[in-house]
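Shown next, in C-alpha cells, is the structure this report addresses.
Protein chains: 4
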Amino acid sequence: MVLTAEQRADIEQRRGIWHRTRRPTVAAMEELLYTPMARLDHGFVRVVDYMGDDSAIVQAARVSYGTGTKRVSEDAGLIRYLMRHHHSSPFEMCDIKLHVKLPIFVARQWIRHRTASVNEYSARYSILDKEFYVPDVGDIAPQSRQNHQGRAQEPVSLETALRVQEILRRDAASCYGDYETMLDPEGLGVARELARINLTLGMYTQWYWKVNLHNFMHFLRLRADPHAQREIRVYAEAMMDILKAWVPLTAAAFEEYRLGARTFSATMLKVLRAALAGEEVCQESSGLSKREWQEMNALLDGHLEKRS
Amino acid sequence: MVLTAEQRADIEQRRGIWHRTRRPTVAAMEELLYTPMARLDHGFVRVVDYMGDDSAIVQAARVSYGTGTKRVSEDAGLIRYLMRHHHSSPFEMCDIKLHVKLPIFVARQWIRHRTASVNEYSARYSILDKEFYVPDVGDIAPQSRQNHQGRAQEPVSLETALRVQEILRRDAASCYGDYETMLDPEGLGVARELARINLTLGMYTQWYWKVNLHNFMHFLRLRADPHAQREIRVYAEAMMDILKAWVPLTAAAFEEYRLGARTFSATMLKVLRAALAGEEVCQESSGLSKREWQEMNALLDGHLEKRS
Amino acid sequence: MVLTAEQRADIEQRRGIWHRTRRPTVAAMEELLYTPMARLDHGFVRVVDYMGDDSAIVQAARVSYGTGTKRVSEDAGLIRYLMRHHHSSPFEMCDIKLHVKLPIFVARQWIRHRTASVNEYSARYSILDKEFYVPDVGDIAPQSRQNHQGRAQEPVSLETALRVQEILRRDAASCYGDYETMLDPEGLGVARELARINLTLGMYTQWYWKVNLHNFMHFLRLRADPHAQREIRVYAEAMMDILKAWVPLTAAAFEEYRLGARTFSATMLKVLRAALAGEEVCQESSGLSKREWQEMNALLDGHLEKRS
Amino acid sequence: MVLTAEQRADIEQRRGIWHRTRRPTVAAMEELLYTPMARLDHGFVRVVDYMGDDSAIVQAARVSYGTGTKRVSEDAGLIRYLMRHHHSSPFEMCDIKLHVKLPIFVARQWIRHRTASVNEYSARYSILDKEFYVPDVGDIAPQSRQNHQGRAQEPVSLETALRVQEILRRDAASCYGDYETMLDPEGLGVARELARINLTLGMYTQWYWKVNLHNFMHFLRLRADPHAQREIRVYAEAMMDILKAWVPLTAAAFEEYRLGARTFSATMLKVLRAALAGEEVCQESSGLSKREWQEMNALLDGHLEKRS
C-alpha cells in the first residue's frame, strides 16, 4: 500500500478532529478510525464510521428506554442467547462503513453480498492508477485436488512462481500502458469507459462499503473461511480484527456459535447417537457419503473410525 | 404520551453521558438524541442513534480519503446533483435509528417498508400496556369521495365524533379487560400469545427501527404525502423535522427534487409543449384522462384551461 | 374456511383452463394449483403460480444451455451438495406465489420475512368480512415454563377453554358490530381507515405472497419449528407439503441438512470429542450452560449423561 | 455470438418439449423461450423462464380468487393507475429469468442492481473461453464534453478506431495466451483462480439472472437510458423487446409514465406556471442553474426561451 503524501495528510487531519457525542462510542474503534490496514500489495481496509456497540444490541433486543444498568455479564449472556438462537434483528441495529482498496477480481466476489451499500470509484469518470496485484511467491499454487474451485496448500516451485509473477506483471503493465495510450488526448483520445476495457482483473479499485453487523458477520463467515479465495480472505481477516475491537462480546459469541461451530445432518446425528451408545459405526452402513464420513470423522479427531 | 418516572430517568441519565469521538457529528442531532417527540395520544418518535452527515454523503460519492476542504456551497451543489439524477448510493451511507411507539394499525402500514431493520416489543413474551389510540374529534371524517382509500377533509359532526370516540374507547377498554382476565394466572391463566388476540388494532406497540437515509427519504415521500393515512403522516412529519436537523443540505434537495416536484407523463409533456407554443389544448383532444387533466391543470394554477 | 359460491366458481373456472408451455412444469403442482388448503377456522393457503423445478436449480448452478441429460440421481447429488454447502443462489432461481387467508396476528409475524413480495387486501379501501379466529379447545394452553414466549403443551381445562372461546368470540363479534355501526353511511358514516381500528387482532385478512425457493425454505425453517406460534405453524405445515410436491429432491435435502440437522457450538464439539474418546464429561466441567447441556444431551438420546 | 453445435442442439431439444399447464401463459414469450438474442460481438440474452402476465398483476392488486371476467380495457386502466401512482407491489408478482452472456465490465455495472438473483459461471471452477469484446469502429468515441462519465456522439476517425481495435484485440489475446500458459498442467500449472487475474475486463462471462417485473423495469429505466454506457444499453434494448412481448399493457404504461415522462423540480414548476401565465421567464431570475434551464428548455422544444 502506498498512500500519497496528500492522502496521508487528509487522514491525519481527519484523525485530529474530535467531537462531543451522546451516541454509543467504542474507544478501540476511535483508535482505529480512518487509519488504513494494509492488505495484499497495494490494498487496504479502513474504518470510516460505525454505529452502535455491544450494549446497543441489548438495548434493541429489549426495546428499552435507557442505557440500562445491566452488568457486562448479563449483556454477554443475552448476546450469546441471541446468536445461538439466530435472533438476527438486534445485530442489524449496528452498522459499519469501510473504505476498501482491492483488486477487481476480489471486488467481483465481494459485491455478491447484496445486503451492503457501495460507492465505487468510477472508471468511466476517472482514470485508474497504475496499481495491480501480483501474488507473493508463496501464494502461487496449482489447482487443488480436493477443492475443485480452489488452489492447493503447497505452492509451485520457486522458479515457476517467479515466472508467473513475471507474466502477471508484464501483461498488466503492458495493458496499462496501452490504456494510457488510448486515453491520451494528444494521442488516440478515446473515452475512459472504453479504454478501461483493456485493463486486467488484477487492477486495484476502491469503494466505500457499508453493512450492518448481522450481514458483516455473514460476510466474515463465508470469506474468512478456508474455502474462500486467499485474496479475499486476507481482507476478511482484517475485518475480523475490526469486529473484535468493535463488539467484543458479539465477536466471542460469533466464534463460539458460528465460526467454531459445525452442523450435523439428520443422518450424522444418527451416527453420533449410535457411536455414543457404544455401537459400531462405519461409512458403508452409515448412510453418509464417503466425503461426509471423512469430514465428520476428521472433525471428531478420528474417533468415529477408531471406535469402529 | 405518558412516560413513567423510571423511563424519564433512564432517558435523562442517557442524555447526561458524553463521549469523545472522531466520527462525523451533528450538533442539532445531539440536541435531539433520546428525547421523545410526542405523536398521537400516546405515541412518540425518538432518535436513538445516527451515522453520517451531509459531508459523509459527499465523501462517499467521491470515495475520498479525508474530510476534504470543500466549501458548504460545493457540498450543496453535489448533493443537489446526486438527488436530481437519482444517484441513491451515497445517501445509503448514512443511517438513523429510532425508537417509535405507535398504534398497531399504523405499525402494519409502516412495516411494509422492507428495507429497514426492526425490533418490536413482543406480545408473546411481554404484556402490553393499556394504551390505545382514540382519534381527536376533528380527525374523525367520512370516507372521501375523491380518494377511494382515504377520509374526507371535512370531519363528521361533533355529536357523531363523540359517539365514535366513545365506541372506540369502550371496545378497546373492554377487550383489554378481557385480555387481563385471560392472562391472570389466578384466573383463566392463558398464554400471552393467545390472550393478545383479543386486543384491538388501536393498541400501542413499540419498536426500534433503523433505516438508511435513502430509504428514510423514500418512507417520508410516501408517508408525509396527503394520500397517506393521517395517523402515520403525523409520524412522518416529525421525521421530516429530524431529517432537517440531521442533513440540512440533503433535506433542501429532497424538498426541491422530490417532495415539491411532479412528474409529467409522455402525453402531459406533449400537452405542455403545445400550450407553451400557444396552441389551444383541451382534455378531450389531449389524450389524458379527465382525472389526469384535472390534476395537471390544478398543478399549473389552472393555466391550461384558462388558455383553452 | 367458507368460500362463497362465486369464489368456488372462479377457482373451478380457472382450474379448467389449460395452456401449452415450454417452461419447466411440475405435474403435482398443476394438481394443487388454485385449490385452497384449509387452515385454522377460516383460513387457507393456495398456490397461485410457481416458477421452476428441481431441474431448474441444477440448470442455474451449471449455467447451462439445455435441459441436460443428467439422470435424476445426479441432480439429487448436486442439490444435496448445494444445500449442504449453503450455496443458496441456485435455490433463488425458483419462485412460488400463494394466496393466503390468515388472522391479523399471524400476518404480523409472517410479514417480518422481508424478502417476499406482498399484496394485502386493504381495509382502507374495502370492508373486512366478519371472520375471526377462535382457537380450538385443545389449543388453549397456559404460558409455557420452558419457552418464555410460547404456550405449554398441556391445554387448560375444558371449562376454562370454553370460557376463553366465549370471550374471544363475544369481543370480536361485538367489535365487529360496532365496526359496521361506524361504517354505516346511514348511521355514523365514518371512513373505513378509521372504523377498522376497532377490530381485534383475530380478524382474518388475506394477501398474495410471492417468495423465492431459498427464502421459502428459510420461512419454513423458522415457522415449521416447534418454537413458532402454533397458529403460524399450521400454515408452514401446509407449505411444507407444497414444497414436497414442487421440488421433491430439494425438499429431501432440506430435511436432511436443515430441518433434521443440528449445530454444535465450538464448546459442544470439544465435549463430543472427549465423550467419543471415552473420557468422562459432565456439565460442570464442560463449559456449557445447564440449558445447553440439557439440550445437547437430549439430542443425543441422553448418551452424554449415561456415559458420565 | 457463436454457439457450439452442442449448445444449439440443447436449445432446440429444449424448445421441442411442450407441457400442459394451468399457469398464466404468454404465447409471445413461449415463442421467445430459450432462443438467444445476439448482443455485441459474442454476447446474448435469452429468456429461460417467466412467471405471470398482465392479468396476474391485476389479480394481485385485487387479491382476487379467479381469472376475473374483466375486459382488457379495464386491465389496462388499472395497470396505468398502478404505474402512475407508483404502486409497485403488484408488479413484483411477475418474474423473469434470463441467461446472459456479457463482457466482464458490463457485468460489473449490471451486478450493482442488488434486487436480482444471480448464478455466474465460475472462473475459479472452470476455464473461460477465448472470447472478448472489441467495439465496432462506429462505437469508438472520445470522452464526452457534456457527460463527464460517457463518450461523445461522434466517433473518432476511422484510422484511430482501427488502431484502438487492434490494441484491444492484441492485448486481450496476448493476456489470454498467457492465461493458457499459466493453466497448462504440463506447463506452469497454476490454479484457475490465480491465472484468471491476467484476463482483461473485455472477456465474456455468463450468468443466469432472475428479477421481478418491478425491478426489471427499474433496470431498464436506468440502463436503456442514453446516459448508460452503450455496451449495457444494447442489452437493455433487447430486454425492452422482451418486456413488450411479455406484458404489453405494462410496457405501454411504463413508456407513458416512466421512460417518456420527466420530473420537474419545485422551482421548475414555478417557472412553468409563470410561463403559462404569460409572464416572461429567463434563466437568471428563474432560480434554476444554467444546466437545469437548458435541459428544461430543450425538453419543451425551446418554448421557454422563445417566449422570453
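From first to last, the protein sequence lines stand for chains A, B, C and D. So the first sequence is numbered by numbering that gives the first Met the number 0: it starts at 0 and just counts up by one. So the second sequence is numbered by numbering that gives the first Met the number 0: it starts at 0 and just counts up by one. So the third sequence is numbered by numbering that gives the first Met the number 0: it starts at 0 and just counts up by one. So the fourth sequence is numbered by numbering that gives the first Met the number 0: it starts at 0 and just counts up by one. Positions of the beta carbon are idealized from the N, C-alpha and C atoms, including for glycine.
Helix, strand or coil at residue i according to DSSP, with G and I counted as helix
i             : result
residue 119/C : strand
residue 261/C : strand
residue 129/A : coil
residue 191/D : helix
residue 71/B  : helix
residue 17/A  : coil
residue 37/A  : strand
residue 7/C   : helix
residue 205/C : strand
residue 150/C : strand
residue 142/D : strand
residue 137/A : helix
residue 32/D  : coil
residue 1/C   : coil
residue 303/D : helix
residue 317/C : Absent from the structure is residue 317/C, since the part of chain C shown begins at 0 and ends at 307.
Environment of residue i [buried if 16+ CB atoms lie within 10 Å]
i             : result
residue 290/B : exposed
residue 134/B : buried
residue 132/C : buried
residue 237/B : buried
residue 305/C : exposed
residue 159/C : buried
residue 297/B : exposed
residue 226/D : exposed
residue 147/B : exposed
First and last residue of the uninterrupted alpha helix (DSSP H) at residue i
i             : result
residue 213/B : 212 to 222
residue 180/D : 157 to 182
residue 198/B : Segment: none, residue 198/B is in no alpha helix (DSSP H) and carries neither H nor E.
Proximity test, Cβ basis, 8 Å: residue i and chain A
i             : result
residue 104/D : yes
residue 232/D : no
residue 127/D : no
residue 295/B : no
Chain C contact for residue i (CB, 8 Å cutoff)
i             : result
residue 192/B : yes
residue 32/D  : yes
residue 90/A  : no
residue 110/D : no
residue 214/D : no
residue 275/A : yes
residue 35/B  : no
residue 290/B : no
residue 136/B : no
residue 107/D : no
Chain D within 8 Å of residue i, Cβ atoms only
i             : result
residue 266/B : yes
residue 82/C  : no
residue 85/A  : no
residue 139/A : yes
residue 300/B : yes
Closer than 8 Å to chain B by CB, residue i
i             : result
residue 142/C : yes
residue 245/A : no
Start and end residues, beta strand (DSSP E) containing residue i
i            : result
residue 44/D : 42 to 50
In chain order, which alpha helix (DSSP H) runs of at least 4 residues are fully inside the region 73 to 116 of chain A?
103 to 109
Which runs of the beta strand (DSSP E), 3 residues or longer, sit entirely within the region 227 to 293 of chain D?
261 to 263
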